[in-house]
Amino acid sequence: MLKRITAVAAIAGLLVLPSAYAEQSPKLTYDGQQYQGDTLPPALKQSLNQLAQQYNDQRRQAVDQYALNRYVQEEASRQSKDVKTLQQELMAVADPTEEQLKGFYEANKARIQGTFEQVKPELVNYLKRQQMTERAQQLLEQIALKKGYRVELPEPEQLRLDVATKGYPSKGNPDAKITLVEFADYQCPHCKNAVEAVDALLKQYGDKLRVVYRDFPINQSGISRKVAEAAVCADQQGQFWKFHDLAFERQNYLKSIPVDALAKEADLDMGKFGDCYQDAATQAKVTASLNEARELGLSGTPSFFVNGRPLGNTHGDLLKDLKELIDEELQAGS
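Those letters in the sequence shown? Residues -22 to -1, 1 to 312, per mature numbering (1 follows the signal peptide of the UniProt record, and there is no 0), in order.
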């Protein structure tokens, strides 16, 4: 975990090289048309912003690593200990208990392939790495107190994209300060988990938040597309969210449940539903949402935008990450 200072310094040196180009916007010419800055395609803006954020994260990691190594060397000298021995002492973590392993397995079973016994060794390593990361963070906090350590890095330019919301199902205050747009797939397990997080946000922020749902049916089975089209028809009857919640509740059975059965369970007028489901305009609406998601550079679900600001990786603590972004927007607008 803790590497030699010389190695970290070399990495830091390499990372500094691109800094002269970090703030420059590329100029793109395609089919006779030029793009630069605000006129760059949204998907490219997303990619460049993600690269800038990764670059910043790498710089922070390099600086943190330097601080850790320097502190360990100073402490080893003060305590008359071997550096490697002290590193091992400071980074020592206990093996996770059987209860912790089983708890983690049960909480993440949908994303884990294999039985508990099959993946147990990998879980042990994963949880130990998590503990080591937490331990390193604790050490950095100690260094901050003892040595006044802090890092100041210029943040990448804040990305804000135009995301269509008109004509798409929403809930919450239509005049809210914050608009949260979610692109999701009805067969996506992470999207199912996101339902609870979004509901919690609506409960917490009340009239300050509006949520807009957008379809991004990327599952190759084609079932997500059918459910999305059925949801458009539910929206026509003012029952979108009832159908939406029902579809996610039945996610594991969507392969065997026909969409008209879901519609019936959602108390839709089946005559109107049938006409809508066969209407080319219904298919076109889902296609339009899918195409915009791709134009925005999205590649996975769920994907979120808070007042046009994209949330990056959503496979961590989604509720926490969304709250941070929402709070930033509320603070900026206050």
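Every residue, glycine too, gets a C-beta built ideally from N, C-alpha and C.
Please determine, among 102, 193, 90 and 60, the residue with the shortest C-alpha to C-alpha distance to residue 276. Among 102, 193, 90 and 60, the Cα nearest to that of residue 276 belongs to 193.
Residue 156: first and last residue of the uninterrupted beta strand (DSSP E) it sits in: Counting along the chain, the beta strand (DSSP E) containing residue 156 begins and ends at 156 to 162.
Our contact map puts residue 27 next to residue 134 with C-beta atoms below 8 angstroms; I'd like the distance itself, whole angstroms only. The pair is a contact, with the Cβ atoms about 6 angstroms apart (cut-off 8 angstroms).
Please report the Cβ distance between residue 204 and residue 237, rounded to the nearest whole angstrom; I am assuming they are in contact, meaning their Cβ atoms lie under 8 angstroms. Yes, residue 204 and residue 237 are in contact; Cβ-Cβ is about 5 angstroms, under 8 angstroms.
Using only the alpha-carbon positions, how far apart do residue 82 and residue 270 sit? About 36 angstroms.
Exposure of residue 108, with buried meaning 16 or more beta-carbon neighbours within 10 Å: Residue 108 is exposed by the Cβ-count criterion.
To which residues of the same chain is residue 286 closer than 7 angstroms at the C-beta, ignoring the five residues directly before and after it? Answer for residue 286: 138, 139, 140 and 141, listed in chain order.
So within the stretch 225 to 301, which uninterrupted alpha helix (DSSP H) runs reach at least 4 residues, ignoring any that extend past its ends? When DSSP assignments are scanned along the stretch 225 to 301, the uninterrupted stretches of alpha helix (DSSP H) that are 4 or more residues long and fall wholly within it turn out to be 237 to 243, 248 to 256 and 258 to 273.
Could you work out which residue in 12, 178, 33 and 243 is closest to residue 225 when comparing CA atoms only? Looking at the Cα atoms, 243 is the closest of the given residues.
From 164, 114, 162 and 272, pick the residue whose C-alpha is nearest to that of residue 66; which is it? For the residues 164, 114, 162 and 272, the minimum Cα distance to residue 66 belongs to 114.
Per DSSP, residue 190 is paired with what? Residue 190 pairs with 148 and 159.
Rank 96, 208 and 280 by C-alpha distance to the C-alpha of residue 257 and give the top, closest one. Nearest option by C-alpha distance: 208.
Given residue 42 as reference, the closest of 251, 54 and 128 once Cα atoms are compared: The option with the nearest alpha carbon to residue 42 is 128.
Residue 304 and residue 183 - do their beta-carbons sit closer together than 9 angstroms? Closer than 9 angstroms, so yes.
Could you work out which residue in 227, 167, 111 and 149 is closest to residue 159 when comparing CA atoms only? Taking residue 159 as reference, the option from 227, 167, 111 and 149 with the minimal CA-CA separation is 149.
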